[in-house]
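Structure record follows, encoded as structure tokens.
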Amino acid sequence: MRKHPEVTEKTRQRFIDSFWQALKKNGLNKITVSLITKEAGYNRGTFYEYFKDIPDLLEQIEDGLMDDLSNRMTDIFDRGLPFNLQTFSQECASILLEFDDKLFYLLSEHGDPSFSYRFKNKFINEITNHFDFGEKDCYKNYIIAYCYSALTGLRLYWYENGKKLSFEEVVKITQGLIATGLFGFIGQDYVI
């Protein structure tokens, strides 16, 4: 094995694609090596050349997804932070949209609970590494936790409810909530 890198990667990708197909049809708990190998058109021995077992396959998929997301976020931040909320939220939202089905399936109740925890930590680290909170540094973790929960929660709700609103509408809601909070978004006064 591994003598032809392009063939090796193609075979590995077929197993990964077959995993996603099986996941959508059967759910995480019902995926077996036999199911994946049948879908991919390979035998079990070939599967075990690439993965130890289903949890190893899932972990490699999750790690790859998080690395891809991290690289995309770094690309955006390395160009410099946008000075307006609309541009910034659209760029962040476009990253989530790029990985839409896979990301939100893994974050949903059908996905891997440990992925949600690992993804949250990765998100927090990315934001922490690229934002300077200055004198409000003591609030940093609270602010980031709020943003993470708002962004992923809203997108997950959108995803689980059949994407009834357009992507642009969801981005607009997100921008409004981040910029003005709930009361500002619905047009009511509030007192702190």
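First residue of the sequence shown? That's 1 in UniProt numbering, and the numbers climb one at a time after it. All C-beta atoms, glycine included, are put in the ideal place defined by N, C-alpha and C.
Chain-order list of residues whose beta-carbon lies under 6 angstroms from that of Ile76 (same chain, five-residue window excluded): Closer than 6 angstroms at the Cβ level, and outside the excluded window around Ile76, lie Glu91.
CA-to-CA distance, Gly64 to Thr180, given in whole angstroms: A direct Cα-Cα distance of roughly 35 angstroms separates Thr180 from Gly64.
At least 3 beta-carbon pairs within less than 8 angstroms: the region 158-173 vs the region 114-122: The region 158-173, when compared against the region 114-122, does not touch it at the 8 angstroms Cβ threshold.
Ser18 vs Ile36 beta-carbon contact at 7 angstroms: For Ser18 and Ile36, yes; Cβs fall inside 7 angstroms.
Element boundaries [alpha helix (DSSP H), containing Ile54]: Residues 54-78.
The region 150-162 in contact with the region 96-108 per 3-pair CB rule at 8 angstroms: By the criterion of at least three beta-carbon pairs nearer than 8 angstroms, the region 150-162 is in contact with the region 96-108.
Distance between Gly80 and Leu69 (C-alpha atoms, nearest Å): A straight line joining the alpha-carbon of Leu69 with that of Gly80 spans about 17 angstroms.
Reduced DSSP secondary structure (H/G/I, E/B, other) of Glu109: Glu109 falls in the coil class under three-state DSSP.
Whole beta strand (DSSP E) elements within the region 86-136, 3-residue minimum: The region 86-136 contains no whole beta strand (DSSP E) run of 3 or more residues.
Buried versus exposed call for Gly111 [16 or more other C-beta atoms within 10 Å across all chains shown]: Under this definition Gly111 is a buried residue.
Cβ separation of Ala150 and Leu177, assumed to be a contact under 8 angstroms, to the nearest whole Å: Taking a contact as a CB-CB distance under 8 angstroms, the pair Ala150 and Leu177 counts as one, their CB atoms being some 6 angstroms apart.
Integer Cβ distance of Met66 from Arg118, believed to fall under 8 angstroms: Between Met66 and Arg118 a beta carbon distance of about 7 angstroms is seen, short of the 8 angstroms cut, so the two are scored as contacting.
Neighbour-count burial assignment, Phe131, 16 or more Cβ in a 10 Å radius: By the neighbour-count criterion, in which 16 or more other beta carbons inside 10 Å mark a residue as buried, Phe131 falls on the exposed side.
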